[in-house]
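A.B. asks: Can you keep this structure in mind? I'll have questions shortly.
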Amino acid sequence: MALGIYEETQRALQRAIEALQLPEDVYEHLKEPQRVLTINIPIRMDDGRIRAFTGFRAQHSNVLGPYKGGVRFHTSVTLEEVKALSVWMTLKCSVVGLPFGGAKGGIVVDPEQLSAHELERLSRAYIRNIREFVGFDKDIPAPDVNTNEQVMAWMSDELSQLEERNVFNTLTGKPLLLGGSQGRKEATGLGVVHVAELAARAFGLTNEPSLKGLRVAIQGFGNVGSEAARFCAQSGAKVVAISDEKGGRYDPDGLDLPSLFAYRADQGSIAAAPLGQAIGPAGPLTLPCDVLIPAALEDQITADNAASVQARLVVEAANGPTTNEAAEILFQRSIPIVPDILANAGGVIVSYFEWVQDLESYFWAREDVIDRLKRILTDAFGRVYAMYERKAVDLRHAAYMVAVERLAEAMQLRGWY
Ligand code: GLU
1 MALGIYEETQ RALQRAIEAL QLPEDVYEHL KEPQRVLTIN IPIRMDDGRI RAFTGFRAQH
61 SNVLGPYKGG VRFHTSVTLE EVKALSVWMT LKCSVVGLPF GGAKGGIVVD PEQLSAHELE
121 RLSRAYIRNI REFVGFDKDI PAPDVNTNEQ VMAWMSDELS QLEERNVFNT LTGKPLLLGG
181 SQGRKEATGL GVVHVAELAA RAFGLTNEPS LKGLRVAIQG FGNVGSEAAR FCAQSGAKVV
241 AISDEKGGRY DPDGLDLPSL FAYRADQGSI AAAPLGQAIG PAGPLTLPCD VLIPAALEDQ
301 ITADNAASVQ ARLVVEAANG PTTNEAAEIL FQRSIPIVPD ILANAGGVIV SYFEWVQDLE
361 SYFWAREDVI DRLKRILTDA FGRVYAMYER KAVDLRHAAY MVAVERLAEA MQLRGWY
């Protein structure tokens, strides 16, 4: 039987700890989140009735700094998933060298079924329920799947009202007017494309410093998928396939992105857009392309479809889109996977910049944000690639090793083992 997502994560952690020849003590600290909250969130619906939603916050490790991580609103949210995502946040912050630990939160809900007022009440109630556990030096939430600047604004306002002072530095991914950062909204997608450029060159797909002429397929058209598509095009790539939750489009000659964006703005989904051929939500995963960017949810490239992947390089924009088994199959097939904890770290890197700017009440120009973001990602890619070359392992394992090494060193300095 396939392992659950959390057990898979534990396995991968264990493997990194063993490869680094670190003591079991390190695993004892990292195998479970330090704190997990499950909350029942009753809110009043527009029709006057009360409906209760289930929410979670998992705080995995704060060995390197305050817990950090997003909050997602999705019907597939489970405690197991939130726990795994919190571990990945610890590893993500560590691999790129941020002074943060890892956390993740979620609510089991389909936000499309709620009115704007219901969504606001739910967002406020969620943060109210976890308020003693968050703070700029404790745990700093941010957007994730189906949450955005508006949700962060409501949550920031709720906390500020309760505290009777503005505590905008407690969340990131906020609107610019409420202490947000330039570049935060597009940071994850931009980072994914920057890392794709570095990897495409390192693995010999191109000699250019850009994605010029390469065919890209993207699964997911949320914030990350859309921004990634936009920056791929800017980098000279041809986006040949893209899909959302309802379906997608494929054109081997390249899709016209402005038309797709316009169609989505109008219709909500690109499934029936009059461009190229229709494909299913998972279509992009197995179509011919140079670079595949899974930018939807976990468990998309599995043992079932890994043999059908036709890409030459996979860059994980979603968290956990490739199972361990599938990663092994792609490794055997010599298709490198740039792991999520490195590839999609752009979001939390600019969240870090936002936090720094809020603490100083001094805000940077967009170019400064983007320059610093690219520098951090380039350095982190270099560290992971060096580990990969030295140890002859896959990139994901190499990234885990880089991350765990830093966590273990901090633990030792703090006397945790
Ligand atoms: N939700 C994003 C992630 O998975 C960003 C987290 C953050 O900015 O704290 O990396």
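The sequence shown begins at 1 in my numbering and counts up one residue at a time.
We put the CB at the ideal spot given by N, CA and C, even for glycine.
Could you give the first and the last residue of the continuous beta strand (DSSP E) run that contains residue 417?
C.D. replies: No beta strand (DSSP E) contains residue 417, which DSSP labels as neither H nor E.
A.B. asks: Taking residue 251 as the reference, which of 181, 288 and 36 has the closest Cα?
C.D. replies: Comparing C-alpha distances from residue 251 to each of 181, 288 and 36 shows the shortest one belongs to 288.
A.B. asks: Going by other Cβ atoms of all chains shown within 10 Å of its Cβ, with 16 needed for buried, is residue 4 buried or exposed?
C.D. replies: exposed
A.B. asks: Any idea what DSSP makes of residue 254, helix, strand or coil?
C.D. replies: coil
A.B. asks: Suppose the cutoff is 8 Å on Cβ atoms and the five residues either side in sequence are ignored; what does the same chain contact list for residue 142 look like?
C.D. replies: 68, 69, 70, 71, 152, 171, 172, 173, 347, 348 and 351
A.B. asks: Would you kindly work out how many angstroms separate the C-alpha atoms of residue 327 and residue 163, rounded to a whole number?
C.D. replies: Rounded to the nearest angstrom, the two C-alpha atoms are 46 Å apart.
A.B. asks: Taking 7 Å as the cut-off, is the C-beta of residue 348 nearer than that to any heavy atom in ligand 1?
C.D. replies: yes
A.B. asks: Please report the distance separating the alpha-carbon of residue 304 from that of residue 390.
C.D. replies: If you take the alpha carbons of residue 304 and residue 390, they lie about 31 Å apart.
A.B. asks: Just curious, the beta strand (DSSP E) that residue 110 is in, first and last residue?
C.D. replies: Note, residue 110: premise wrong, no beta strand (DSSP E); not H, not E.
A.B. asks: Does the stretch 49-63 touch the stretch 99-112, meaning 3 or more C-beta pairs lie closer than 8 Å?
C.D. replies: yes
A.B. asks: Let me make sure I understand the geometry here. Which of 187, 185, 126 and 177 has the alpha-carbon closest to that of residue 158?
C.D. replies: When the alpha-carbon of residue 158 is set against those of 187, 185, 126 and 177, the nearest one is in 126.
A.B. asks: For residue 419, list the residues DSSP reports as bridge partners.
C.D. replies: Coverage of the chain is limited to positions 1 through 417, which leaves residue 419 absent and any answer about it impossible.
A.B. asks: Whose C-beta lies closer than 8 Å to the C-beta of residue 160 among residues of the same chain, with five residues either side of it excluded?
C.D. replies: 166, 167 and 168
A.B. asks: What did DSSP end up calling residue 64 once you bin it into helix, strand or coil?
C.D. replies: Here residue 64 carries a coil assignment [DSSP, helix/strand/coil].
A.B. asks: So, with DSSP's three-state summary, where would you put residue 72?
C.D. replies: Note: residue 72 maps to strand in three-state DSSP.
A.B. asks: For residue 271 versus residue 254, is the C-beta spacing smaller than 8 Å?
C.D. replies: no
A.B. asks: According to DSSP, is residue 294 part of a helix, a strand, or is it coil?
C.D. replies: Per DSSP, reduced to three states, the secondary structure at residue 294 is strand.
A.B. asks: Which ranges does the alpha helix (DSSP H) cover as unbroken runs of at least 4 residues, wholly within the stretch 340-375, from first to last along the chain?
C.D. replies: Runs of the alpha helix (DSSP H) inside the stretch 340-375: 340-343 and 346-360.
A.B. asks: Does the distance from the CB of residue 395 to the CB of residue 404 come in under 8 Å?
C.D. replies: In this structure, the beta-carbon distance from residue 395 to residue 404 does not fall below 8 Å.
A.B. asks: Using the Cα positions of residue 106 and residue 38, report the straight-line distance between them to the nearest angstrom.
C.D. replies: 10 Å
A.B. asks: Does the stretch 178-185 touch the stretch 365-380, meaning 3 or more C-beta pairs lie closer than 8 Å?
C.D. replies: yes
A.B. asks: Which class does residue 167 belong to by DSSP, given the choice of helix, strand or coil?
C.D. replies: It is coil, neither helix nor strand.
A.B. asks: Please confirm whether residue 417 and residue 23 have their CB atoms less than 8 Å apart.
C.D. replies: yes
A.B. asks: Would you say the beta carbon of residue 144 comes nearer than 7 Å to a heavy atom of ligand 1?
C.D. replies: yes
A.B. asks: Does at least one heavy atom of ligand 1 sit under 7 Å from the Cβ of residue 172?
C.D. replies: yes
A.B. asks: Can you tell me whether residue 344 sits near ligand 1, meaning its C-beta is under 7 Å from at least one heavy atom of the ligand?
C.D. replies: yes
A.B. asks: Between which two residues does the alpha helix (DSSP H) containing residue 14 stretch?
C.D. replies: 5-19
A.B. asks: Write down the C-beta distance between residue 438 and residue 92 rounded to the nearest angstrom, noting that I regard them as a contact closer than 8 Å.
C.D. replies: Residue coverage of the chain in this structure runs from 1 to 417, which leaves residue 438 outside it and unanswerable.
A.B. asks: Hey, quick one: how far does the alpha helix (DSSP H) through residue 199 stretch, first residue to last?
C.D. replies: 184-202
A.B. asks: Under the rule that 16 or more other beta-carbon atoms within 10 Å means buried, what is residue 319, buried or exposed?
C.D. replies: buried
A.B. asks: Taking C-alpha atoms, which residue in 30, 129 and 380 lies nearest to residue 53?
C.D. replies: 129
A.B. asks: Rounding to the nearest angstrom, what Cα-Cα distance links residue 55 and residue 191 in this structure?
C.D. replies: So the two alpha carbons sit approximately 29 Å from each other.
A.B. asks: Going by DSSP, what residue range makes up the beta strand (DSSP E) through residue 215?
C.D. replies: 215-219
A.B. asks: Among the residues of its own chain, which have a CB less than 7 Å from the CB of residue 137, if the five just before and after it don't count?
C.D. replies: 66
A.B. asks: Using only alpha-carbon positions, find the residue among 225, 210, 214 and 33 that is nearest to residue 281.
C.D. replies: 225
A.B. asks: Name the residue from 15, 188, 353 and 241 whose alpha carbon lies nearest to the alpha carbon of residue 214.
C.D. replies: 241
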